[in-house]
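Trainee:
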Amino acid sequence: MTEWDEPIGALVRPYAVTRGRTRPRLDIALEALVETTVRGRTAGSRETSAHGREQQYIAALCDGRLQSLAEIAARMQLPLGVARVLIADMAAEGLVAVYEPTSFDESDDALGTELLERVLSGLRRL
Numbered sequence: 007m008t009e010w011d012e013p014i015g016a017l018v019r020p021y022a023v024t025r026g027r028t029r030p031r032l033d034i035a036l037e038a039l040v041e042t043t044v045r046g047r048t049a050g051s052r053e054t055s056a057h058g059r060e061q062q063y064i065a066a067l068c069d070g071r072l073q074s075l076a077e078i079a080a081r082m083q084l085p086l087g088v089a090r091v092l093i094a095d096m097a098a099e100g101l102v103a104v105y106e107p108t109s110f111d112e113s114d115d116a117l118g119t120e121l122l123e124r125v126l127s128g129l130r131r132l
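Just so we're aligned: 73 in the numbering used here is position 67 of the sequence shown, and the numbers increase by one with no gaps anywhere.
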């Protein structure tokens, strides 16, 4: 078997990326939006970066555009738990900013209803 016959893709189990950790440092919602910070851009651009491939990919993916935790996991083909741990670690280091969804007060029912109607409309267009 030559090197060209090797399977393409990760040969390492996903949880090896997190060193076996399954609990993130921060609790991040699936719909939370992630954006690369200035520190994250400069850390990923250094040739001697101590951050792994996955962190560099997340930084590049979220550079200049907001991505949800679920989108990042799907694009990287990683389990949500693994993506959550990676992003929480990056947020703790200041490499990404995480924007949690705001909770709607029961007193502000009009805003919640409007949001649900927009989501429903978007789903119907699919």
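Here a beta-carbon is modelled for each residue, glycine too, at the ideal position from N, C-alpha and C.
Could you pull the DSSP bridge partners for Leu-39 from this structure?
Mentor: On the sequence shown, residue 39 is found 33 positions in, with the first residue counted as 1. Its beta-bridge partners are Ser-74, Tyr-105.
Trainee: Determine the DSSP secondary structure at Arg-29, reduced to helix, strand or coil.
Mentor: Within the sequence shown, the letter at position 23 stands for residue 29. DSSP places Arg-29 in coil when its eight states are reduced to three.
Trainee: Buried or exposed: Arg-25, going by 16 or more other Cβ atoms within 10 Å of its Cβ?
Mentor: Translated into positions along the sequence shown, residue 25 becomes position 19. So Arg-25 ends up on the exposed side.
Trainee: What does the alpha-carbon distance come out to for the pair Gly-70 and Thr-48?
Mentor: In the sequence shown, residue 70 corresponds to position 64, counting from 1. In the sequence shown, residue 48 corresponds to position 42, counting from 1. Going from the Cα of Gly-70 to the Cα of Thr-48 covers about 14 Å.
Trainee: Drop a sphere of 10 angstroms on the beta-carbon of Gln-61, count the other beta-carbons inside from all chains shown, and report buried for 16 or more, exposed for fewer.
Mentor: As a position in the sequence shown, residue 61 is number 55, starting the count at 1. Gln-61 is buried by the Cβ-count criterion.
Trainee: I need the DSSP call for Gly-58, collapsed to helix, strand or coil.
Mentor: Your numbering for residue 58 matches position 52 in the sequence shown. The answer is coil: DSSP assigns Gly-58 none of H, G, I, E or B.
Trainee: Taking the alpha carbon of Thr-43 as the point to measure from, which residue in Gly-58, Arg-31, Ala-65 has its own alpha carbon closest?
Mentor: For the purposes of this step, residue 43 is taken as the residue at position 37 of the sequence shown. Comparing Cα-Cα distances from Thr-43 to each of Gly-58, Arg-31, Ala-65, the minimum goes to Ala-65.
Trainee: Hey, Ser-74 and Glu-120 are a contact pair by Cβ (cut 8 Å); roughly how many whole angstroms apart?
Mentor: Here the question's residue 74 lines up with position 68 in the sequence shown. Here the question's residue 120 lines up with position 114 in the sequence shown. Not a contact, Cβ separation roughly 20 Å.
Trainee: Taking only three categories from DSSP, how would you classify Glu-123?
Mentor: As a first step, residue 123 is located in the sequence shown; it is residue number 117 there, counting from the start. Of the three classes helix, strand and coil, the one that applies to Glu-123 here is helix, per DSSP.
Trainee: Whose C-beta lies closer than 6 Å to the C-beta of Arg-31 among residues of the same chain, with five residues either side of it excluded?
Mentor: Taking the sequence shown and counting its residues from 1, one reaches residue 31 at position 25. The beta carbon of Arg-31 is closer than 6 Å to those of Ala-94, Ala-98 in its chain, skipping five residues each way along the sequence.
Trainee: Excluding the five sequence neighbours on either side, which residues of its own chain have a C-beta within less than 6 Å of the C-beta of Glu-41, listed in chain order?
Mentor: Locating residue 41 in the sequence shown gives position 35, where the first residue counts as 1. Answer for Glu-41: Cys-68, Leu-72, Ala-103, listed in chain order.
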